[in-house]
Every structure is written in structure tokens, then in C-alpha cells.
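These notes are about the structure you will find just below.
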Amino acid sequence: MGSFGIELDSSSMMVIGLVVVLYVAMITIFGGYFARFNSNINDFFYSGQRFSWWLPAASMIATGIGSYSYLKYSEQGFNTGMSSALNYMNDWFIIPFFMFGWMPIVYYSRVKSIPEYFERRFNRTARYISMVIILAYMFFYIGYNLYTIGIAVEGMFGFRQLYFVPILGLFLGLYVTFGGQTAVIFTDLFQGVMLYLAGGIAIMAGITALGGFDQFWQWLPTTHRLPFVHLTENPKFNTAGLFWGEALAGSIAFTFMNQGFLMRYLTIKSVNDCRKAALCNVLVTLPVSAIIVGAVGWIGKALIMKQSATGGALAGYSFIDIQNTFHTFIVVCWATVKHNPWVFGFVIAALMAALMSTIDTLINACAAIGIYDLYKPLFKPDATDKHYLFAARVASMIATGIGLSLVIWFNQQKGSLMSIHYKGIMVIIPAIVTTIFLGAFWKRFHANAACISMVAGSILTLTTVWFPKMIQPLAWFVQGPQNGEYIYMRALFGMVITAIIGVAATFMLKPGENESEVGLTIGELDQAMINYKGSGAAANHKVGKKIHGLAVKELKKFDEGFVYLNEKSFDVLKADKKDMVYVSDNRWFLGGLRSEHLIARLDNTLTEKEIGLHPDTRERAYLVKGNPVFVEKII
Amino acid sequence: MTAVVWTLVSLVVAFFFPRILIHTLGEAHPVTSYLYMYGLGFMVFLIGLVVVLRFGACRPNERPLDAFWFKVMIGGFVFFLSLHGLWILLALKMPLAPQLTGALF
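Here it is, written out as C-alpha cells:
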């Protein structure tokens, strides 16, 4: 064992490098194919709200798992056991607020980004304050991803991060720049499968090395078997802190303000499908991902315990010695695959896939904010789509550059990967998370109060980095850890202080001149649905059936943007005239890639096996001439 | 007015519930962490349900899909509660390797 995580001979290095390069080349070509579905700037970022729930939900696997996930959770799993999975399994508490509050508000109001919501709900000042905070959050994640892949490569090959990470960053910037959101979604779908497959291989290899699952469970100390860590003991990882900091502030941040996830939801065809995607993500994807990214650490602990008890390396395997816990994942994996460079190369390619799939979403999201919140409103309000597409690509490169510069800061931090991560995040998110909450769920909360609470809340939260004792009374109140290191409790402090400032300012200050748009708070969702439909009709909540296998009758006499249906089709769909209907290619596996939302009109000259469309409408929906379609009432 | 009442009730729960837990079971007991998470988590979850019902964002009595999703939300909470409860039970009750027994926990 050298000074790095593992020692590789030159032939192993070549094989691993070859597998990774082949994989990256393949995924880039795959993503390049889907770039053709970006005909305008809306498609580039949002894919035009057209996908079935399962496609973005599956791509969320790869979005949620970053390169940092394997390293961070394996390290935490090795140190504290299965409680490392808690961060992925504590999101349900906020589900009602998300499924029936924030998600429909954002979806029906067709908000493109959180800063845009802030302008429409409050004013332009609020928009730019929120933009600064959200960009800080995303840049932090880009930097953290690059930093952790740098650690992995350093652990394997000994390459200094200083040289490797900028080259990687340049490649990733280019990769995202030319793909856009459709490419991101489809490559992430593929990469999600890769992540689970490679994670599964690493886990199976570890379990086999231990002699089976029962051996794994028996050699895992009780402390490491438990899903919860001690309530307060460990200042850097404790249940009380995790509840307030991670389950509440962290989960809200990840689901409510993570532009990458939000953009995934905005690609989905309906709010009902968004709920299915959210359900799949929280109930299935996150718990499975928790195992995939953390299990190597748990296995590593069981292996070390068994090695110590049996007096040396396990039969047929090399001795496992984890000198630097940052490298837990690669050290354990390399040993348990018996130094097979092809299998290990595949697992490392998955690590690369995790990096690419997370960072492409983040860079794409940063570019979306850069264009919609900064460039378009301030510099070029009326440019062509071609111009904005070019600007979006430049913005992607800038976002990558800023993320790269943050790697220097990460390198100067001490502590576990988990604590380094939350040290930053728990300072950035509390003020904006609370302001979003107050804005969405309290109509009276006004622009002046929003601006003051975001600025003052952020400053006071940041102040606690130098004066942590400010957090102590609150930590005492909820019986959290009171030890001077308040990594997670800082988020609770930030949320409480922002809420107090926000409520006080709402009552003490005048609302200002700007009137909030209707449909941006939870009490105005009915109006938001009417606005969304655009036909002036109220939302239709009757549950109808989908009609499959319909032929498209394409005539210029039909108006653009409408779909014409026979009366019987209306009955089956339980649709009324002027309802919004979704028309899609009949092939389910396309996931809505060829589809469009249209307003329904009656035309009894059509048979019940036909729909009528204007030729341009068919083209805009990417529907293939002659192919059957299905229709579904949306709202 | 209702919001003020809910805030006060939440503060009372956030203050007394952890103290009762720690007093009864002690900080180190594995079930303390579990109940802390799900006790206070339930409070947040319940407030969420009340908010979406009260503002009419979720209308289980009027909209069939809302009724379905309302049940899903409650079912999901019960699922995670049961999953973590069972997990603790397995962690504590299933035997360790003989060499580990007593030495590490």
C-alpha cells in the first residue's frame, strides 16, 4: 500500500483507463443523438413538459447519485454503519408540502426557475437575491462533485487533483453544452442503470468475500447495523442534527429549490405524473440508492472486523487496510473484486457516470438560471432562440469554471466528506428554504419581508460559523447536540431566525407596490390551473381513460395548437370542450419524446379511431407521419 | 389564528417531546433516535396534511385522484415508520459473530 488508496500496476491502469474512456465515449455519442430534439431554448432546458413520469423518475436515479455519493456514503457507512442511509430515507415528512403545495404551484405557473418564481411572487430584487443563493448552492455541488472525483482518481492513480480535475471539468462542460435537457434525461436514464449495476457488482463482490449475507450481518457490529446513530454524541453525525438539518432543511432544499430536480419535474406531462415520479423517487429510488452508495462501507467494516478476529487477510483476498477513509470505496472494491482491472474498471466507469450524470444536470440548471434570470431579462430580452442557445452553452462553460475554482476551497477543508459537504450546505440553504416556504404557503408574506428575511437570515446564519454559541439556546430547546460544533443545527438556527425576521417584517413593513401574480400560493391553485390550461375553462378533475391506437388525420383546416376528437372519444376521456389533452406517439417506451399538449375540440366528422391535427402541430409534437398515437385528458 | 395555535403546539411538542423521550429511555438507546425522528417528523407531516387540506390544494372528498394521493401519503409514512422499526429490531435481535459479542457493543 502506497501513500494513495490502492496500488495499481501499469497494465491494470491501462485496462481501467480503457474501460472508462470507452464508457465516456459511448455515453457522449448516445447523448449527442438526443441533441436533435432541442429546437428552441425551452426544449434545451425543459424538453417542453412532455415526458411520462417514469422517464424523468428513472433519470433522477443518476441525478441524485453523484460521484461524491459513493465516496461520502461509503466513508460514513464505514465509520458509523447503516445510519449512513438515513440521509436518503428521511424525506417523507415534507411530502404533503411538496406533492400538493410547491410542485403544483411551480408546475401550473410554468415557472422556469426559482428566481423567476421570486420575481413573479415578490419583485425583481427578491429574484436576484434568491438567484445568488441558489447559484451558490449549485456551484457548491458542482465543486464538490469535481473534488470527490479528484479524490477517487488520486486514490487510484496518484494523479494530483490540481492537474486532473481541470481537464475533466473542461470535458464535462463541453459534454453538457451540446446536449441540453433531453440529452441529459436520456443519458441519465442509461447511466442510472449503470450506477445500479456497478453498485450491485461491488456489493455482491463484497458479500461473496465475506462468505454470504449471513456472514456480513454477523460481522457487522450492532452500532453499525442500526439505521439511526446516537441522538447527540457525535458532533458531526447525530440523529437530532440530522432531523433538523437534513430531514427538514436538506430535504426541502433538495426537492424545493434544487433547480436540477425541479427541471426534471418540469419535463413531465402532468402534475399527476409528477406525483408518481416523486413517489417513485422517495419510496423506491432513494432507499435503493442509499444501499448502492453506502453498502461498500458497511461491507468494509464487516471485512475489517472479520480480518481482525481471524488474524489476517481472508482466504483468496488481499489484506484490506483503509488508511484514509476517503478511499474506503475504492480500497474495499479493489480488494473484493480480487484486483480484476476489467470489473474494477467497470465500477470506476460507474463512478464516472455518477459524476457526469449529476454534474450535467447541475451545469444545465445553472445555465438555465443564467439565461432566464440574468441574461435574458437584463441584457438581451428579445434575441433569437439561436442566440439564446449559444448563450446557454457559454453559461454552461462558465458554471463549470466556477465549480472548478471551488475545488481549491474543498481541498483546504478538514473532516469527513460528509461533514465537509454539510458544513457548506447548512450555511447556504436555511434562509432561502424558509423564504420559499413562507412565500408559497402564506399569501400575506410580501416582497419587502422576503428580501429582508433572505438577506438578514443568510448573514446571521453565516455569522454562526464564527460565533457558534449563538446556536446553543436553540440546540438546547430541541435537545440537540450542545458541543460547540453545530453543523446540522446551524440549519435549524437559520430557518428559525429567517422565519422570525420574515414574519416580523410582514407585519411591520408595508407590502410595496408590486402585486403578486395570482396562482403562486397554495390557496390560489384553482386559478393557477385555469391559467395553465389557457382556454379559460376551469380544471376538469374527472378521471377518464386513455385511448390508444388512434390514427392522425392531418388537415390544414384544423387550427394549430388544437386536437380534434369525436364525441365518443370525449366521453371515454371524460373530457369537456376546451380541456387540455395530451397526444403522444403510441409507443410507450418513448416516454413522451414525441408528444404535445393541446386543447380539445369537437369534430364529429372524425371517427372514434381518429384525431385531427394541423400538419404544423403534428410536426411540433415530433409525431411520425402514419404512426398511431394515444390521447389522454390532462386537466 | 389557527396558524398561531399550530405554532404554539409545535413549540410545546418540540420542547417537551425530546425531554420526555430522553428522560424515559436515555440518549443512547437506539429507540430514542427512532422516536425523536418519527415523533417530530410526524408533527411536520401532520402540519403538511392540515395545510394542504385547509387551503383546498388536496380535496379527497371531491377529486378521486386527490383521494388516492392522500392515502398514498399516509401509507408512505407508515411504510418508512415500519421499515425503520423492523430494521432496529433485526439489528438488536439477530445474533452477532461469537467473536464480536460483548466486545464491541
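In order, the protein sequence lines correspond to chains A and B.
The numbering used here numbers the first residue of the first sequence as 1 and each following residue consecutively.
The numbering used here numbers the first residue of the second sequence as 1 and each following residue consecutively.
Note that CB positions come from ideal geometry on N, CA and C, so glycine has one too.
Beta-carbon of residue i versus every beta-carbon of chain B: anything under 8 Å?
i	result
glycine 245 of chain A	no
glutamine 307 of chain A	no
proline 96 of chain A	yes
isoleucine 487 of chain A	no
methionine 99 of chain A	yes
glutamine 218 of chain A	yes
arginine 275 of chain A	yes
glutamine 412 of chain A	no
phenylalanine 159 of chain A	no
leucine 210 of chain A	no
leucine 509 of chain A	no
proline 473 of chain A	no
Flag residue i as yes if its beta-carbon sits less than 8 Å from any beta-carbon of chain A, otherwise no.
i	result
valine 72 of chain B	yes
alanine 67 of chain B	no
valine 52 of chain B	yes
threonine 24 of chain B	no
tryptophan 6 of chain B	no
serine 33 of chain B	yes
proline 30 of chain B	yes
valine 44 of chain B	yes
proline 60 of chain B	no
leucine 89 of chain B	no
leucine 104 of chain B	Residue placement at leucine 104 of chain B is poorly supported in this model, since its pLDDT is 42, which falls under 50; the coordinates are not used for a value here.
Do you know how far the Cα of residue j is from the Cα of residue i?
i	j	result
phenylalanine 477 of chain A	isoleucine 252 of chain A	22 Å
glycine 206 of chain A	isoleucine 299 of chain A	6 Å
tyrosine 564 of chain A	proline 377 of chain A	37 Å
valine 229 of chain A	threonine 223 of chain A	8 Å
leucine 606 of chain A	histidine 548 of chain A	16 Å
asparagine 531 of chain A	alanine 57 of chain A	26 Å
alanine 350 of chain A	phenylalanine 558 of chain A	49 Å
tryptophan 219 of chain A	methionine 305 of chain A	6 Å
glutamate 116 of chain A	valine 4 of chain B	30 Å
valine 15 of chain A	glycine 345 of chain A	7 Å
leucine 374 of chain A	phenylalanine 51 of chain A	28 Å
glycine 403 of chain A	serine 569 of chain A	52 Å
glycine 626 of chain A	lysine 577 of chain A	26 Å
phenylalanine 80 of chain B	glycine 41 of chain B	11 Å
isoleucine 599 of chain A	glycine 192 of chain A	35 Å
asparagine 267 of chain A	glycine 66 of chain A	The question names asparagine, yet the displayed sequence has threonine at residue 267 of chain A. Between threonine 267 of chain A and glycine 66 of chain A, the C-alpha separation is close to 21 Å.
asparagine 234 of chain A	tyrosine 73 of chain A	16 Å
methionine 356 of chain A	asparagine 364 of chain A	12 Å
isoleucine 6 of chain A	threonine 328 of chain A	10 Å
alanine 28 of chain B	serine 82 of chain B	21 Å
aspartate 9 of chain A	phenylalanine 68 of chain B	58 Å
isoleucine 27 of chain A	leucine 195 of chain A	13 Å
Let me confirm a value: residue i is counted as buried when at least 16 other C-beta atoms fall within 10 Å, else exposed. Which label applies?
i	result
lysine 638 of chain A	Any answer about residue 638 of chain A is impossible in this case: the structure gives chain A only from 1 up to 635.
tyrosine 388 of chain A	buried
tyrosine 163 of chain A	exposed
asparagine 145 of chain A	buried
tryptophan 102 of chain A	buried
alanine 25 of chain A	exposed
alanine 315 of chain A	exposed
isoleucine 322 of chain A	buried
leucine 104 of chain B	With a pLDDT of 42 at leucine 104 of chain B, under the threshold of 50, the modelled position of this residue cannot be trusted; read the value that follows with caution. Burial call: exposed.
Since I believe residue j is in contact with residue i (beta carbons under 8 Å), could you give me their beta-carbon distance rounded to a whole number of angstroms?
i	j	result
serine 396 of chain A	glycine 173 of chain A	6 Å
alanine 335 of chain A	leucine 210 of chain A	Not confirmed; about 12 Å, so no contact.
threonine 521 of chain A	alanine 440 of chain A	6 Å
tyrosine 582 of chain A	lysine 269 of chain A	5 Å
glutamate 524 of chain A	asparagine 566 of chain A	Not confirmed; about 35 Å, so no contact.
valine 271 of chain A	tyrosine 70 of chain A	Not a contact, Cβ separation roughly 33 Å.
lysine 236 of chain A	serine 416 of chain A	6 Å
threonine 63 of chain A	arginine 264 of chain A	7 Å
phenylalanine 493 of chain A	isoleucine 471 of chain A	5 Å
leucine 550 of chain A	valine 496 of chain A	Not confirmed; about 55 Å, so no contact.
leucine 49 of chain B	proline 96 of chain A	5 Å
isoleucine 611 of chain A	valine 629 of chain A	7 Å
methionine 426 of chain A	isoleucine 487 of chain A	6 Å
cysteine 366 of chain A	leucine 135 of chain A	6 Å
- Query: Residue ranges of each alpha helix (DSSP H) run of no fewer than 4 residues wholly in the segment 29-82 of chain B, ordered along the chain?
  - Reply: 30-54
- Task: Note down, one range per segment and in chain order, each alpha helix (DSSP H) of at least 4 residues found wholly within the segment 190-261 of chain A.
- Result: 213-219 and 222-225
- Message: Which complete beta strand (DSSP E) runs does the segment 338-421 of chain A hold, if anything under 3 residues is left out?
- Response: none
- Query: Residue ranges of each alpha helix (DSSP H) run of no fewer than 4 residues wholly in the segment 82-109 of chain A, ordered along the chain?
  - Reply: 103-108
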